[in-house]
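Quick notes on the structure that follows.
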Amino acid sequence: MLHVGAPRTSPESGGRAASPAAHAALVDQRAAHNYAPLPVVAASGEGAWVTDVEGRRYLDCLAAYSAVNFGHANPTVLAAARAQLDRLTLVSRAFGHDQLGPFVAGLGDLVGKEMVLPMNTGAEAVESGVKVARKWGYEVKGVAPGRANIVVMAGNFHGRTTTIVGFSDDPEARGGYGPFTPGFRTVPYGDGAAVAAAVDEDTVAVLLEPVQGEAGVIVPPARFLPEVREICTREGVLMIADEVQSGLARTGRTLAVQHSGVVADVYLLGKALGGGVVPVSAVVADADVLGVLRPGQHGSTFGGNPLACAVGRAVVGMLAGGEWQERARRLGEHLDGRLRELVGAGVTAVRSLGLWAGVDVDPGLGTGREVCLALAERGILVKDTHGSTIRLAPPLVVEPAELDWAVDQLADVLARLAAHSGHRS
Ligand SMILES: *Cc1c(COP(=O)(O)O)cnc(C)c1O
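Be aware that the sequence shown starts at 1, since it is given in our numbering, and climbs by one per residue.
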């Protein structure tokens, strides 16, 4: 029940309260506390910039965890979405519609696979990948009923459903949500020998992120993905690459596995596939894998809806020419060079691939969140992860000078924290 004096909205304000503080209070009171957002209340966005309810501008260096790879209000994506809004938005897969075929064909071609299973969120793509891998294991590989196992990585992040958090090793993500789905084995990320040792005759898949995003942009050793590929091929196991965050140009390639010259059997895509407009995800694989699904065996009311497909088509069209990938690669090189200047000056390590960087702040200076708060005050949005790591993933439309400005601000924040803590670097 609402307390007396609780912040309220009026119909005239369209559900919007006035000041950032009023917004925050309303959210604090009425939204579940499953996030602890920075005190920024965005009202509009364009390109790499977001404007708050009082007109303050922020350089968005998170891009909704890469869901906004092509920038806020990307004109190509918006045009496709607007045109589709006026034509047809939803029929469910009970009927056909004219956006589905071109979307799945285009996405399949983009990543070099025969078939696409369209879903909505990244977690749904992962869940669907798990189901498909198990079914493939029983029907194609010949695993005895009920015995399929999937090898997963320590430090993984694949979403928030009960099955997925069940094979997370993050106590925050899984605590209090059991009992969990059996059939998963965890090995250290980057350890090919451990993968080989975990695989047995009942293993149907190895599920991994080519770069672990939530874990702090962890790039595995160069030999790891080729090793996993070799193990999977030798043992008759599906290699499933969760490219929900790493895919679709963020790392400088269409897929992050391409940096290692590896072709996975199954790709899980999401985030950027929705163009920053709607949730669009997909499981992409050849017909010998996705073909195990027959009518009635899997589905989603919203998966593959006309609006999602129209937006997804626009995204696929933008990626087909390779310019976005190239831009991410060039900008990423620039950002990486600038961030490396900070190592030893408040930063203990920098990891990056494409325009995606994890920056470990010297824990003696402060937490990642303190750094993020200080940066937000200066007009830069970034997100901490795991203690003192901050993660940078600006929209790919960002300009080099804007990256320079953000890094300069970060350097200044770290210098001030160092002065404050009497820390010498
Ligand atoms: C974000 C993410 C997911 C989950 O996507 P949602 O759309 O939030 O469900 C899955 N895998 C990876 C690697 C992610 O980064």
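Idealized CB from N, CA, C, for every residue including glycine.
Please name the residue in the options whose C-alpha comes closest to that of residue i.
| i | options | result |
| --- | --- | --- |
| residue 24 | 400, 39, 260 | 39 |
| residue 55 | 41, 65, 66 | 41 |
| residue 363 | 357, 371, 356 | 371 |
| residue 146 | 117, 202, 69, 95 | 202 |
| residue 308 | 287, 288, 321, 275 | 275 |
| residue 104 | 223, 406, 127, 286 | 286 |
| residue 381 | 403, 19, 158 | 403 |
| residue 222 | 252, 190, 245, 264 | 190 |
| residue 328 | 253, 231, 207 | 253 |
| residue 412 | 378, 306, 127, 396 | 378 |
| residue 410 | 345, 352, 399 | 345 |
| residue 262 | 281, 278, 233 | 233 |
| residue 391 | 399, 361, 408, 112 | 361 |
| residue 251 | 295, 358, 51 | 358 |
| residue 257 | 209, 282, 283, 272 | 209 |
| residue 264 | 273, 283, 277 | 283 |
| residue 235 | 369, 52, 18, 206 | 206 |
| residue 484 | 376, 60, 44 | The structure shown has nothing for residue 484, since the chain only spans 1 to 425. |
| residue 51 | 350, 159, 293, 20 | 20 |
| residue 267 | 354, 313, 113, 200 | 113 |
| residue 200 | 237, 375, 22 | 237 |
| residue 492 | 63, 74, 373, 342 | This structure cannot settle anything about residue 492, because the visible part of the chain is limited to 1 through 425. |
Per DSSP, what are the beta-bridge partners of residue i in this structure?
| i | result |
| --- | --- |
| residue 205 | 150, 238 |
| residue 45 | 50 |
| residue 200 | BP columns for residue 200 are empty, so no partner. |
| residue 380 | 59 |
| residue 291 | Paired residues: none, contrary to the question. |
| residue 360 | 349, 389 |
| residue 185 | 151 |
| residue 268 | 242, 283 |
| residue 218 | 212 |
| residue 117 | 283 |
| residue 72 | 47 |
| residue 343 | 347 |
Under a Cβ-count criterion, where at least 16 other Cβ atoms within 10 Å of its own Cβ denotes burial, should residue i be classed as buried or exposed?
| i | result |
| --- | --- |
| residue 420 | exposed |
| residue 34 | exposed |
| residue 15 | At residue 15 the pLDDT is 48, less than 50, meaning the model places this residue with poor confidence; the figure from the coordinates comes in the next sentence. Under this definition residue 15 is an exposed residue. |
| residue 179 | exposed |
| residue 48 | buried |
| residue 246 | buried |
| residue 109 | exposed |
| residue 94 | exposed |
| residue 6 | Unreliable positioning characterises residue 6 in this predicted model, as indicated by a pLDDT of 43, which lies under 50. The coordinate reading is nonetheless provided below. So residue 6 ends up on the exposed side. |
| residue 127 | buried |
| residue 399 | exposed |
| residue 139 | exposed |
| residue 295 | exposed |
| residue 366 | buried |
| residue 124 | buried |
| residue 11 | No answer about residue 11 holds up, because its pLDDT of 40 lies below 50 and its placement is not dependable. |
| residue 57 | exposed |
| residue 394 | buried |
| residue 331 | buried |
| residue 90 | exposed |
| residue 242 | buried |
| residue 65 | buried |
| residue 249 | buried |
Taking only beta-carbon atoms, is residue i less than 8 Å away from chain B?
| i | result |
| --- | --- |
| residue 138 | Among the protein chains of the structure shown there is no chain B, as only one such chain exists. |
Under the criterion of a Cβ to heavy atom distance below 7 Å, does residue i qualify as lining ligand 3?
| i | result |
| --- | --- |
| residue 299 | With respect to small molecules bound, the structure shown includes ligand 1 and not ligand 3. |
Mind the definition here: the segment 336-352 touches the segment 130-137 only if three or more C-beta pairs lie below 8 Å; say whether that holds. no
How about the segment 180-200 and the segment 148-155: do they share at least three Cβ pairs that are nearer than 8 Å? yes
I want to know whether the segment 313-326 touches the segment 68-78 - three or more CB-CB distances under 8 Å. yes
May I ask you to verify whether the segment 208-217 touches the segment 382-390, counting CB pairs closer than 8 Å and requiring at least 3? yes
Do the segment 105-122 and the segment 296-304 meet, that is, are 3 or more Cβ pairs less than 8 Å apart? yes
Using 8 Å as the threshold, is the segment 288-298 in touch with the segment 79-99, meaning 3 or more CB pairs across them? no
Does the segment 192-211 touch the segment 226-238, meaning 3 or more C-beta pairs lie closer than 8 Å? yes
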